[in-house]
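Here the structure is laid out as structure tokens; the discussion comes afterwards.
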Amino acid sequence: MRPETEAELAEIVVGLNGPVRVSGGSTRGVTGPEDVLETTGLSGITLYEPGALTLVAKAGTPVAEIEAALEAEGQQLAFEPSDYRELLGTTGEPTIGGVVAANISGPRRIQAGACRDFLLGVRYVDGHGHVIKNGGRVMKNVTGYDLVKLMAGSWGTLGVLTEVSLKVLPKPETSTTLSVSVPDADVAVQVLSKALQSPYEVTGAAYDPQKGSAYLRLEGFAGSVKYRSRKLKSELAPFGALSDHGTTDGLWQGIRDAHSLADQTGDVWRISVKPGDAPRVAEKVGAKQYVLDWGGGLIWALVPEGADARANLDIFTGHATIVRAGTDTVEALGRFQPVNAALSALSNGIRRQFDPRDVFNPGLMG
Amino acid sequence: MEMPRPNPDVLARKQSVMSRLLQVLPADAVIHDPAETRAYECDALTAYRCPPMLAVLPASTQEVSDVLRICREEGVPVVPRGSGTSLAGGALPTADCVILGVARMTEVLETDYDNRFIRVQTGRTNLSVTGAVEEEDFFYAPDPSSQLACAIAGNIAMNSGGAHCLKYGVTTNNLLGVTMVLMDGTVVEVGGAHLDSGGLDLLGVICGSEGQLGVVTEATLRILRKPEGARPVLLGFDDTAVAGRCVSDIIKSGILPVAIEFMDALCIQVCENFAHAGYPDCAALLIVEVEGSEAEIDHQLSKIIEIAKRHKPVEIRESQSAEESAKIWLGRKSAFGAMGQVNDYMCLDGTIPVSSLPDVLRRIGELSEDYGLPVGNVFHAGDGNMHPLILFDANKPGDLEKCEAFGADILKLCVDAGGCLTGEHGVGIEKRDLMTHQYAPQDLEAQMAIKDVFDPDWLLNPAKVFPLDVSEARRAAA
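Here it is in structure tokens:
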């Protein structure tokens, strides 16, 4: 099913007599019911005002199309959405609706905020077939409940997004990456933490234990980047000499997309923790290989096929999500970490209200 | 503004409800004497007052849980209250309600600089959160004008903003987790020191829910390192529309100031008389602030001034010292207070797309003439959040009503321009009846469905946010 208007989509939903898999570009590895409800027919940028830092697009608009439009005005999606195609071996075209539904954010999330923080408004069709709007296209809006945040990261389980409105930001004039060699993960997290505690606006803070390198990104006007890079080098000197690599977009794309795990055998998990806990969590989950992003707050972990990365995590706060694993593993463990009984009652209660027939991606989030 | 009629059955049981509350709270935490409950009769929307049946001041999450459980069993509505600084009537009581104030819960529970968060009890004031981390050069970013008095509980309820949102976002962008008590007494932990939600983003919907979903007793907040420095430049224009275009051009240029504040002639004059900030006498004033090292600030300000010059400003003045910067901000931050010293006023809070600024200002001017009430405009121009101040005479019969009608017209204008009714103050009772102008019935149904899940009996702050006729069936069923 591939509706081309919001009204058509609403009609389809009313007529549904069984569950569907809600899908954008089908690049994020979501499995589910055989019947697919695609949003790619709802496509196009409906409004773009560079002077107001706002862009509105239909949910099925390719991310690439949005990025090109922004690029032409020297702007960008500051939350730097990851592309999962290489990691998952998928081939579709990522859509902005998919990015929002999955709340996908890359390295800059640590400084600029997540996808949900840039989402100003949504339109969606709920399980009753009603077209609902919430939020709008202005940056400050506290009118009524914030269903915008709720829809971000709800993976299509509450409704089918038809249009999203986003805050965009200027693209920095230039950037540079500093790296320092730190074989020990604990020390590496200290380096990242120290950098993020500085006033120098680090917009990327990652660690690759395979290479034993911690990476820091600075962005902005050339003079400012140069100044902050000098300051950071001297502040972090106790950890070793920092090398300055200039602009390295490829490196950050690699971290954003967990590139280094793409060709490795095993399951891939995305684990969100308190940054300082990262090295211990990586050890506890039995990661064969991993990458830290968000100053340690995000672990991309490669674990043996079928292993339960959540098994030893109960003493840590945070959660672990399966990004790549066999169907059996996903079915046995659940893609998302189960939440406690009280939160589960609230989440299920909301799902029953929004999708009473349980037709949208049933069971995907628990 | 209409409020639901108090439930006589609840009023009749005041004594028994009180004695049950006294079993779980110390005697001095249950306020029942009408002379004392009067202290809770209104918040900063002082035009509306109603003393509550009782007020309680619990000191812990457990006590909050006990209070809510009892009130639910007794069918008593509860109105949560932070510091009572809401401009929207968010903490306005009904005569049959229990006010639950968090004022005794002000502790800092945990400060973690390595992971960049602080966990506090929510009765703590906004400014004292920054106060708790200042010695390490950190700060908590949202800075509503009432930050000296307002509580984090209220900031979370209203998703408060401030002048520096353009760069740092509002409360929801700086809130990592909460401990919240549901109306049945259940304590839930949502989020925490990690980023991003594991399941549905409940934290996102809790923030800004105006005390209708639960009582937040503890909050984990993101703290940030203070920038090396910050400095504003004042830009004066002889035309408000030109100032609006200048804002748009600055934003388009790739510079992201931390704040762009706008004042029109009336506000400039009132603020200048109050703060003696050296504001120029002109039609529109912009305060543009940037952050960084001295050199970075110089670079950004020179770019901003270059852009401003294309719009023929009548005044360009960079702040030369920390004292001067403080004065410039004092003038802006005391705009509401300064206006209050010269006149009664009503402060609005709509947001518009930045591009429609000139049009909206022109329409407000026309409406001002139609209504015969002067209006001053002061707002966060970078993000389109307007605060028109309508002047009226509270002692003149009919003036308040006229002012409210004028205010409603301005807010509708904001919505029609592609904006919204409230950018940072919240709906409360003030904008409750305008919600149908922004949202269709099914949009409001979707929001109320959330409340049905968290508070099925509609006992928490029930008369707010949704027009009374829209929520009537739900409130009556409770």
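From first to last, the protein sequence lines stand for chains A and B.
Here the first sequence stands for residues 0 to 365, numbered as in numbering that gives the first Met the number 0.
Here the second sequence stands for residues 0 to 477, numbered as in numbering that gives the first Met the number 0.
Don't be surprised by glycine CBs; every beta carbon is placed ideally from N, CA and C.
Since we're looking at a predicted model, the values are computed, not measured.
- Query: Looking at B/L53 and B/V77, is the spacing between their C-beta atoms short of 8 angstroms?
  - Reply: Counting from one through the second sequence, the residue named residue 77 of chain B turns up at place 78. Counting from one through the second sequence, the residue named residue 53 of chain B turns up at place 54. The answer is no: Cβ separation not under 8 angstroms.
- Task: Could you give the DSSP three-state label for A/R279: helix, strand or coil?
- Result: Indexing the first sequence from 1 puts residue 279 of chain A at position 280. Correct three-state label for A/R279: helix.
- Cβ pair count under 8 angstroms reaching 3, the region 255–271 of chain A against the region 73–87 of chain A: Taking a contact to require three or more Cβ pairs closer than 8 angstroms, the region 255–271 of chain A and the region 73–87 of chain A qualify as touching.
- Task: Return no unless some Cβ of chain B is closer than 8 angstroms to the Cβ of A/T246.
- Result: Indexing the first sequence from 1 puts residue 246 of chain A at position 247. So no, A/T246 is outside the interface.
- Query: Is it true that the CB of B/R230 sits closer than 8 angstroms to the CB of B/E295?
  - Reply: Sequence index remark: in the second sequence, residue 295 of chain B carries index 296 (1-based). Sequence index remark: in the second sequence, residue 230 of chain B carries index 231 (1-based). It is not a contact, given that the beta carbons lie outside the stated cut-off.
- Item | is_contact[B/F453, chain A] using C-beta, thresh 8 angstroms | Position 454 of the second sequence holds residue 453 of chain B. Yes, because at least one Cβ of chain A sits closer than 8 angstroms to the Cβ of B/F453.
- Task: Identify each residue in the region 271–288 of chain A for which the Cβ-Cβ distance to at least one residue of chain B is less than 7 angstroms, and report them in chain order.
- Result: S271, V272, K273, P274, G275: these are the residues of the region 271–288 of chain A whose beta carbon lies less than 7 angstroms from some beta carbon of chain B, given in chain order.
- Straight-line gap, B/A276 to B/Y370 (C-alpha atoms, nearest Å): The sequence position of residue 276 of chain B within the second sequence is 277, counting from 1. The sequence position of residue 370 of chain B within the second sequence is 371, counting from 1. B/A276 and B/Y370: Cα-Cα distance of roughly 32 angstroms.
- At a Cβ threshold of 8 angstroms, is A/L52 touching chain B? Counted from its first residue, the first sequence places residue 52 of chain A at position 53. Proximity of A/L52 to chain B, defined by a Cβ-Cβ separation below 8 angstroms, is satisfied.
- Message: Counting only Cβ-Cβ distances shorter than 7 angstroms, please list the residues of the region 204–230 of chain A near chain B, keeping chain order.
- Response: Within the region 204–230 of chain A, those residues whose Cβ lies closer than 7 angstroms to any Cβ of chain B are, in chain order, F220, G222, S223, Y226.
- For B/T105, which residues does DSSP report across the bridge? Here residue 105 of chain B corresponds to residue number 106 of the second sequence, with the count starting at 1. Its beta-bridge partners do not exist; DSSP assigns none.
- Message: So for A/P49, helix, strand or coil by DSSP?
- Response: Taking the first sequence and counting its residues from 1, one reaches residue 49 of chain A at position 50. In the structure shown, A/P49 sits in a helix (DSSP, three-state: H, G or I).
- Task: Look up B/V296 in the DSSP assignment and give the residues it is bridged to.
- Result: Start at 1 with the first residue of the second sequence, and residue 296 of chain B comes out as number 297. It is worth fixing the name first, because residue 296 of chain B is Ile in this sequence and not Val. Partner(s): none; B/I296 has no beta bridge.
- Message: For a cutoff of 8 angstroms on Cβ pairs, would you count B/Q437 as touching chain C?
- Response: Chain labels in this structure do not include chain C; the protein chains are A and B.
- For A/P337, collect the residues of the same chain with a Cβ closer than 8 angstroms to its Cβ; drop the 5 residues on either side in sequence, then sort them by chain order. As a working mapping, residue 337 of chain A is identified with position 338 in the first sequence. The answer, listed in chain order, is S343, G365.
- Query: Quick one: what's got a C-beta closer than 8 angstroms to B/K411's C-beta in the same chain, skipping five residues either side?
  - Reply: As a working note, residue 411 of chain B is residue 412 in the second sequence. Excluding positions up to five away in sequence, the list reads L433, H436.
- Task: Could you say which of B/V215, B/M104, B/L220, B/W328 lies nearest to B/F261 if we only look at CA atoms?
- Result: Position 262 of the second sequence, counted from the start, is the residue given in the question as residue 261 of chain B. It is B/W328 whose Cα lies nearest to the Cα of B/F261.
- Query: A/I131 and B/Q441 look like a contact to me (Cβ under 8 angstroms); what is the Cβ gap, rounded to whole Å?
  - Reply: Here residue 131 of chain A corresponds to residue number 132 of the first sequence, with the count starting at 1. Here residue 441 of chain B corresponds to residue number 442 of the second sequence, with the count starting at 1. Indeed they touch by this definition, with Cβ atoms about 6 angstroms apart.
- Once you ignore the five residues that flank B/P243 on each side, which residues in its own chain have a CB closer than 6 angstroms to its CB? Position 244 of the second sequence, counted from the first residue, corresponds to residue 243 of chain B. Just to set this straight, residue 243 of chain B is Gly in the shown sequence, not Pro. Within the same chain, B/G243 has close Cβ partners L356, P357.
- Three-state secondary structure (DSSP) of B/V9: On the second sequence, residue 9 of chain B is found 10 positions in, with the first residue counted as 1. B/V9 falls in the helix class under three-state DSSP.
- So what's A/W268 in DSSP terms, helix, strand or just coil? As a working note, residue 268 of chain A is residue 269 in the first sequence. In the structure shown, A/W268 adopts extended strand secondary structure according to DSSP, grouped into three states.
- Item | Selection of the region 145–161 of chain B by Cβ proximity to chain A, strictly under 7 angstroms | With the criterion set as a beta carbon lying under 7 angstroms from some beta carbon of chain A, the members of the region 145–161 of chain B are M157, N158, G160, in sequence order.
- Query: Using Cβ-Cβ distances below 8 angstroms, what residues of the region 396–430 of chain B are close to chain A?
  - Reply: Listed by position along the chain: G417, G418, C419, L420, T421, G422, E423, H424, G425, V426, K430.
- Query: With C-beta atoms as the reference, is A/G294 less than 8 angstroms away from A/I109?
  - Reply: Along the first sequence, one-based indexing puts residue 294 of chain A at 295. Along the first sequence, one-based indexing puts residue 109 of chain A at 110. A/G294 is a Cβ neighbour of A/I109, given a cutoff of 8 angstroms.
- Item | Neighbour-count burial assignment, A/V13, 16 or more Cβ in a 10 Å radius | Taking the first residue of the first sequence as position 1, residue 13 of chain A is located at position 14. So A/V13 counts as exposed.
- Message: Taking only three categories from DSSP, how would you classify A/M0?
- Response: The count along the first sequence starts at 1 and reaches residue 0 of chain A at position 1. Coil at A/M0, not helix or strand.
- Item | Alpha-carbon to alpha-carbon, A/S25 and A/T264 | Residue mapping note: residue 264 of chain A aligns to position 265 of the first sequence, counting from 1. Residue mapping note: residue 25 of chain A aligns to position 26 of the first sequence, counting from 1. Approximately 22 angstroms between the Cα atoms of the pair.
- Message: Which residues of the region 291–305 of chain B have a Cβ closer than 9 angstroms to any Cβ of chain A? Give them in chain order.
- Response: Taking 9 angstroms as the upper bound on Cβ-Cβ separation, chain A lies near residues G291, S292, A294, E295, H298, Q299, K302 of the region 291–305 of chain B.
- Query: When DSSP builds the beta bridges, which residues end up paired with B/L433?
  - Reply: Walking along the second sequence from the start, residue 433 of chain B turns up at place 434. Paired residues: none, contrary to the question.
- Message: For B/A321, would you say it is in contact with chain A, using Cβ-to-Cβ distances shorter than 8 angstroms as the test?
- Response: Counting from one through the second sequence, the residue named residue 321 of chain B turns up at place 322. B/A321 does not count as touching chain A.
- CB B/A87 to CB B/K430, shorter than 8 angstroms? Translated into positions along the second sequence, residue 87 of chain B becomes position 88. Translated into positions along the second sequence, residue 430 of chain B becomes position 431. Yes; because the gap between Cβ atoms is below 8 angstroms, this pair is in contact.
- Interface residues of chain B facing A/R108 [CB-CB closer than 9 angstroms]: Counted from its first residue, the first sequence places residue 108 of chain A at position 109. Those within 9 angstroms of A/R108 in chain B are L194, D195.
- Query: In three-state DSSP terms, what is B/Y167?
  - Reply: Residue mapping note: residue 167 of chain B aligns to position 168 of the second sequence, counting from 1. Assignment of B/Y167 by DSSP, reduced to helix, strand and coil, places it in the helix class.
- Message: Counting only C-beta atoms, is A/Q352 closer than 8 angstroms to chain B at any point?
- Response: As a position in the first sequence, residue 352 of chain A is number 353, starting the count at 1. Between A/Q352 and chain B, the shortest Cβ-Cβ separation is below 8 angstroms.
- Query: Can you list the residues of chain A that B/C206 reaches, using a CB-CB cut of under 8 angstroms?
  - Reply: The sequence position of residue 206 of chain B within the second sequence is 207, counting from 1. What B/C206 touches in chain A: D145, K148.
- Item | Simplified DSSP state of A/M379, which is helix, strand or coil | Lying outside 0 to 365, the shown extent of chain A, residue 379 of chain A is not represented and no answer is given.
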